[in-house]
Each structure stands twice: as C-alpha cells, then as structure tokens.
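To get my numbering, take the position in the sequence shown, counting from 1, and add 107. Each residue gets a CB set at the ideal place from its N, CA and C atoms; glycine is no exception.
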Amino acid sequence: MLNEGITMADLPVHTIVFEILTRVPAKDVGRSKSVCKQWYALLSTQDFVKIHCSRSLVSSNQRVLLIDDLTCSVHPIIFQSNDYGPSSIVTFPFHHHNNDVSILSHLNGLLCVCLNHTYELLLWNPTTTAFKHLSTPDSHGFYINNHDAIGLYVDADDDYKVLHIKRRSGVLGVYVYSREVDSWRNIPFITRQEYLSPRFNWSAGTFCGGTLYFTVCECWVGGTNVVICFDVNSEQFKEIIFPPVPSTGMVQGVLVNVKNELHMFASTGMFEMTIDLWTLQGDYWIKVLSCPPIPPISLSLWCDITHYVTNGNWFVMTKLGKLFTIEMDMKPFECFYPVTWFRGFKGVVFVETIVSPSI
108 MLNEGITMAD LPVHTIVFEI LTRVPAKDVG RSKSVCKQWY ALLSTQDFVK IHCSRSLVSS
168 NQRVLLIDDL TCSVHPIIFQ SNDYGPSSIV TFPFHHHNND VSILSHLNGL LCVCLNHTYE
228 LLLWNPTTTA FKHLSTPDSH GFYINNHDAI GLYVDADDDY KVLHIKRRSG VLGVYVYSRE
288 VDSWRNIPFI TRQEYLSPRF NWSAGTFCGG TLYFTVCECW VGGTNVVICF DVNSEQFKEI
348 IFPPVPSTGM VQGVLVNVKN ELHMFASTGM FEMTIDLWTL QGDYWIKVLS CPPIPPISLS
408 LWCDITHYVT NGNWFVMTKL GKLFTIEMDM KPFECFYPVT WFRGFKGVVF VETIVSPSI
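Put into structure tokens, the structure is as follows:
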C-alpha cells in the first residue's frame, strides 16, 4: 500500500515489481519466475507469498475442483449467473488408483487429501501442482475415513500445520504436522469418551480467527451435537454448544469462514431438509436467516449435488451446472460458499494461490 504523496516514480524498481506482482493471478506469478534470477528470488520469498495470498482471497480467484471416477476438473465460478464456467482437466501429479483421492480440508489454496488405496495424507496445491507426502514410516500421516478428522491452519509464526484427530477402537490420538519442521508430534486432548464412537461424525476443521472448529454430530435422529474448538496457538481444546436446531431429523452442520467470522449452515430434516444460517458470537450462536424447505430431490440426484450461497441467492448445483436457485434476503457474502458437504469428499471450493506445501 503506497503512502499518500508517494508516487510509483519515487519507489525503487524492486518495490514496484513487488507491488505489481502481488496482485497478479497465481499462474502468472509462476510464469514470472522465469523472467530472471532476481524475480525468481523475489517471488520465492515468504513475504511475497504471504502478501500475494492475502490479496488472492477474492471471489475472482475462487475455483471449484470436482473429482469423479474418470476425471478431475477445475471450474471457474461466474458470479453474474451463479454457475460454473468452462472446465479444465487436472492431472494429479502424484500416483493414484482410478482417481481414488478424497479432499479432506483446505486453506489458502492448499488441499489436504487422502489416497484411499494407501490411506496416505498429502498436501497439494492444484494451481502450482506442487505436493508433499505427509505419511512417515512410524505410521503418522495415515487417514481412515469415518474415524479420523483433519484440519488445516496457520499459527502465529505463519507456519502451515495439519491437525490429525485419530479414533482407533475407542482410543483417541491427536497429532500436529508442521510444514516448517516437516514432522509430526503428539498433543494431549481429553474429551468425552462417547465422541470417540463411530456413531459420532466429525467434520473437517474450519480455520477462523486463530481457532479450528469441528462439528461433532451423532448419526441418528435426536442425537447429541456439539462443536469442538482448537486454539491453534495455545493448542488447547474446548467444547461449545451447537445451534439450537430441531431434533426431529438428521442434523448436519457445515462451517464456513466469512470475513473472519464463523458461520454455520445447519441442515435438519428427513425427507425435506431445512437449512438455517447461524453466526458465532463469543461461544453462542445467533441465527442469521432461515432458508425455505429445499424442493424435493430424488435420492439418486441428492447424492450428486452441492448447495451454495452467495449474494442474495441460494442455489443447488450438480457437476453439470445449476439445478435451481432460491432468491433470499441475506447480507452480502461477496464470495462463493458451499452450504452442504461435497458428496464423498469429491469436491472443494478453493482459491488459486502460490502457497507451497513444503518449505
């Protein structure tokens, strides 16, 4: 940011290049590295990557990545029509079997994914194609679906980390991977024994305001639902209440970070679902809006849809495009947010950045 009274002509060339290139798309930064050695060195610094990332977190840089049995594709988002733009095919840069890749968590353009045939965890930037294996010979970095939970975060020292919560036969293990030191370590976490049961479904972690949040929902009507919070700097856990949603159906809570405020889309129901939007204030939830019941959708189609919300619109999309839209009176979100989980962890809304999975 230039101070008042200072023009571009007053600045050294190094600063001008820095200011300009922190504002260009991530793929253009990659191409700019080949201009000369000085640019390569400048664009590889952590200061450049951090500032470029902060300026990339806008709707025009959002993309939707979708994986099916045959392809992995990336779609731009057209905000004027609330629909996908033309897709491009992505080739996985790591070994896999028939696209058996699950997306577990994401942050600032990095995805934490699992190779289902080996259970290995990886960090992957689909924009730069860089990736990093997180599994180790001493059994760290292996993920089991429906038992484990994953969260990506950045601590006060700007170190990207992965929180891995393991549930194994009623025994809880919590581990943190540090990108800076490239290793795992164990941290203590004492919680209610029943949360270790497979009947409780843990969401992926959502990073917001220095805390990772997980929804923990019991998998039957009228079950217990809570939110587990992890302070990423003190590495302390605590439990807070779930929004007061009806207990007459199945419950699903999807957490999103909207301008550094935590929101939850709480879905409830059986045959017709309703979805309420809540925001966290302190340790309590305030209802923002209630969505009308979702129009009936066949079971076969329900398994292939994702709900989204953006400025004034709530809409449902399949891989092929928009299914229907509900106009709503809501505050502007300015970005594109998933309201329900992608089916089978086969999709994600991410931002194109140059953040690297390794140092």
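- Within the region 333-403, complete beta strand (DSSP E) segments of at least 3 residues are found at 343-348, 357-365, 368-376, 380-388 and 391-397, given in chain order.
- In the structure shown, the three-state DSSP call for residue 315 is strand.
- With distances taken between CA atoms, residue 249 lies nearest to 281 out of 304, 157, 281 and 263.
- In the DSSP annotation of this structure, residue 307 is not part of any alpha helix (DSSP H); the continuous beta strand (DSSP E) holding it starts and ends at 307-309.
- Measuring C-alpha to C-alpha distances from residue 211 to each of 200, 134, 202 and 269 identifies 269 as the nearest.
- Around residue 395, the same chain offers 384 and 386 as residues with beta carbons nearer than 6 Å, after the five sequence neighbours per side are excluded.
- For the pair residue 319 and residue 262, the Cα-to-Cα distance works out to about 11 Å.
- Residue state for residue 263 is assigned as coil, using DSSP reduced to three classes.
- The region 152-168 makes contact with the region 128-143, as at least three CB pairs between them are under 8 Å.
- If only complete runs of 3 or more residues are kept, the region 138-200 shows the beta strand (DSSP E) at 169-174 and 179-185, in order along the chain.
- Pairing residue 346 with residue 322, the inter-Cα distance amounts to about 10 Å.
- By a beta-carbon distance limit of 8 Å, residue 291 does not contact residue 278. Their separation comes to about 17 Å.
- In the DSSP assignment, residue 210 falls within the unbroken beta strand (DSSP E) covering 208-214.
- In the DSSP assignment, residue 240 falls within the unbroken beta strand (DSSP E) covering 238-240.
- With three or more CB-CB distances shorter than 8 Å, the region 198-209 counts as touching the region 173-181.
- If the five residues before and after residue 227 are omitted, its C-beta is found closer than 6 Å to the C-beta atoms of 242, all from its own chain and listed in chain order.
- Assignment of residue 121 by DSSP, reduced to helix, strand and coil, places it in the helix class.
- Each of 366, 354 and 124 was checked against the Cα of residue 316, and the nearest Cα belongs to 366.
- Within the DSSP bridge table, the entry for residue 292 names 283 as partners.
- Between residue 370 and residue 144, the alpha-carbon positions lie close to 44 Å from each other.
- In the three-state scheme derived from DSSP, where H, G and I count as helix and E and B as strand, residue 131 is classed as coil.
- In this model, residue 142 and residue 308 are separated by some 49 Å (Cα to Cα).
- Residue 147 counts as exposed, since fewer than 16 other beta carbons sit within 10 angstroms of its beta carbon.
- Each residue's CA atom was taken as its position, placing residue 163 and residue 352 some 35 Å apart.
- When only Cα atoms are considered, residue 372 and residue 311 end up about 14 Å apart.
- Under DSSP, the beta-bridge partners assigned to residue 271 are 257 and 282.
- Just measuring C-alpha positions, the residue of 368, 339, 325 and 222 sitting nearest residue 354 is 325.
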